[in-house]
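To keep things clear, I will list the structure first and then write my remarks on it.
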Amino acid sequence: MDLRGGMDIKSHIRTIPDYPKPGIMFRDITTLFADPAALRASIDEMIWPFLKTPIDFVAGIEARGFILGGAVAHELGLGFIPIRKKGKLPAKTIGQEYSLEYGVDMIEIHADAISKGNRVLLVDDLIATGGTALAAAELIHRSGGDVVAATFVIDLPDLGGVARLNEKGIDVHTLVDFEGD
Ligand code: AMP
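Be aware that the sequence shown starts at 18, since it is given in the working numbering, and climbs by one per residue.
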């Protein structure tokens, strides 16, 4: 058992086999979101390495990254920037294609969301291949910002995403891992 602040975070994550496609073990974090102590412990654990790090913004990836990223931004006293699926943001955007564990998609950021030299903490629920997070990091980079670090609740280490982000010089913090995915 991996206790975080006295809380077994992993036990609050539900696994749905063969969703959304056969062979995928979907790690459903909505059960963790619904538990007040597990949600609080997760946010606390996500932010502690960054309490003294100079950061300008928290950026969260749609959609579960909004729930976690909003809470992380609030706790760190920072503003929040949404990184959304194509076609959802109302003002001028820049976009980046990426590969998922199960498909291809595009994410976008408002073109004026980040200023040159802004230091950004990236947040999502889960890192698998790292394709989504790397696309988000690329958007932040193209906007003139620097990704200081990325923080996730779940790592699927067999898919190599953390190593990929590390190779790009991005420090990665994760709370629990599921091996064998
Ligand atoms: P990746 O780009 O491969 O790192 O995939 C990460 C993104 O896809 C995150 O936004 C996750 O929410 C979602 N995702 C990928 N694989 C899974 C999985 N096995 N269970 C739940 N969500 C997943």
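Note that the Cβ used here is the ideal one computed from N, Cα and C, for glycine as well.
Bear in mind that the values here come from a model prediction, so they are computed numbers and not experimental data.
Here the alpha carbons of residue 98 and residue 90 stand approximately 9 Å from one another. Taking a contact to require three or more Cβ pairs closer than 8 Å, the region 106–118 and the region 133–142 do not qualify as touching.
Using a Cβ-Cβ distance cut-off of 8 Å, the region 172–192 and the region 129–136 are not in contact, since fewer than three pairs of beta carbons, one from each stretch, lie closer than that value.
159 is the residue among 86, 145, 159, 150 whose C-alpha sits nearest the C-alpha of residue 130. Here residue 31 is exposed. Its C-beta has fewer than 16 other C-beta atoms within 10 Å. For residue 120, same chain residues with a beta-carbon under 8 Å away, outside a window of 5 residues either side, do not exist. Judged by their CB atoms, residue 197 and residue 178 are not nearer to each other than the 8 Å cut-off.
Checking the 7 Å criterion, the Cβ of residue 177 is out of range of every heavy atom belonging to the ligand AMP. With a cutoff of 7 Å, residue 100 does not count as near the ligand AMP, since its C-beta is closer than that to no heavy atom of the ligand. Taking all protein chains in view, the Cβ of residue 150 is crowded by 16 or more other Cβ atoms within 10 Å, so the residue is classified as buried. A distance criterion of 7 Å places the beta-carbon of residue 43 in contact range of the ligand AMP, judged by its closest non-hydrogen atom. Within the region 56–123, the complete beta strand (DSSP E) segments at least 3 residues long are 74–78, 96–102, 110–117, listed from N- to C-terminus.
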